[in-house]
Amino acid sequence: MAEHEKFHYRDLSELTAAVDALAAALPISEDVSALAQPVGVGRRTLPNRLAVHPMEGCDGTPDGAPGELTFRRYERFAAGGAGLIWVEATAVVGEGRANPRQLWLHAGSAAGFAELVARTRRAAEAAGFRPGLFLQLTHSGRYSKPQGRPAPIIAHHSAVLDPGTFVRPDQPVIADDALDAHVRVLLRWAERSRDGGTTPARTTSTSGGRRSARRAGMGRCRTWRRSWGTWAR
Ligand SMILES: Cc1cc2nc3c(=O)[nH]c(=O)nc-3n(C[C@H](O)[C@H](O)[C@H](O)COP(=O)(O)O)c2cc1C
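FYI, the working numbering numbers position 149 of the sequence shown as 1093, with every residue one higher than the one before it.
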């Protein structure tokens, strides 16, 4: 058997057969009623435990607003009844976009995001649901490709990550002031998007926890140090 396998099982019997073949200690229950129970997140209660993960559709407009396919996707997610819809990675500065069609929240696109929230909520309510809407604000850092070509921005050099990306060995790291300014923009939009009907969960870093973020250069950012974890509500 391969070291890793895709989760290709089509029903429970295929899964239990694989678990038996591996002699894995993996308890399986046919009772999924627990998923229908409410769950607390910060100061909120989500109506059930099903979650739509953040998944970039790369179908925003060139200026970063949600496009027709984006609206369609979130309306469909909403009608599905998940208790949490975690809206995909959204840039707050143009140079931090992962691709030219990544969502990008800024003054010129904010109205489109408000419409996305409104249409998503309407679709959920029409189907009898009231999900929590969370918005994932990101900067793509070393993976930035705002014009479709690699244009990495780094807060530190990494012996592990640099070789797989377009980071040059002599590429300068982002200056302290620029890093701080970016985190301030991020927090401002987190606050404004909360007013617009989504809930910023808390400030973290995309890959790894606080310690790895600190090691990855964020420790030198005053605003990040002050704001870490302050948004859970
Ligand atoms: C097309 C696609 C887009 C994704 N976009 C994001 C994203 O915007 N933010 C994020 O944190 N994870 C993103 N992910 C990761 C998913 O949210 C999810 O955690 C992951 O796919 C689950 O793991 P699995 O694919 O191994 O089942 C994406 C995954 C896919 C397949």
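Cβ coordinates follow ideal geometry from the N, Cα and C atoms, glycine included. The structure presented is a predicted model; accordingly, all values stated were derived computationally and were not measured.
Kindly indicate which residue of the options has the alpha-carbon position closest to the one of residue i.
i       : options                            : result
Ala968  : Thr960, Glu1000, Ser1156           : Thr960
Arg984  : Arg993, Gln1080, Gly1072           : Looking at the sequence provided, one finds Gly at residue 984 rather than Arg. Ranking the options by Cα distance to Gly984, first place goes to Arg993.
Cys1165 : Leu1130, Asp1120, Pro1006, Glu1135 : Asp1120
Thr1034 : Trp1168, Val1129, Arg1065          : Val1129
Val996  : Leu1028, Pro1006, Gly1008, Pro971  : Leu1028
Gly1038 : Trp1030, Leu1049, Glu1032, Val1031 : Leu1049
Ala980  : Gly1025, Leu1077, Arg988           : Gly1025
Glu1051 : Ala1009, Thr1167, Ser1102, His1126 : At residue 1051 the sequence reads Ala, which differs from the Glu that was named. For Ala1051, the nearest C-alpha among the options comes from Ala1009.
Tyr1087 : Pro1096, Gly1108, Leu1077, Glu947  : Pro1096
Glu947  : Ala1067, Ser1156, Leu966, Ala1055  : Leu966
Where DSSP assigns a beta bridge to residue i, which residues make up the other side?
i       : result
Thr989  : Gly984
Thr1082 : Ala1035
Val996  : Ile1029
Leu1077 : Ile1029
Trp1048 : Ala1035
Return the first residue and the last residue of the alpha helix (DSSP H) that residue i is part of.
i       : result
Ser1156 : 1154-1159
Val963  : 956-966
Gly1024 : 1012-1024
Ala1070 : 1054-1070
Note to self: Residues around ligand 1, please: the condition is that the C-beta lies closer than 6 Å to some non-hydrogen atom of it.
What the structure shows: Selection output, chain order preserved: His997, Pro998, Met999, Glu1000, Glu1032, Ala1033, Gln1080.
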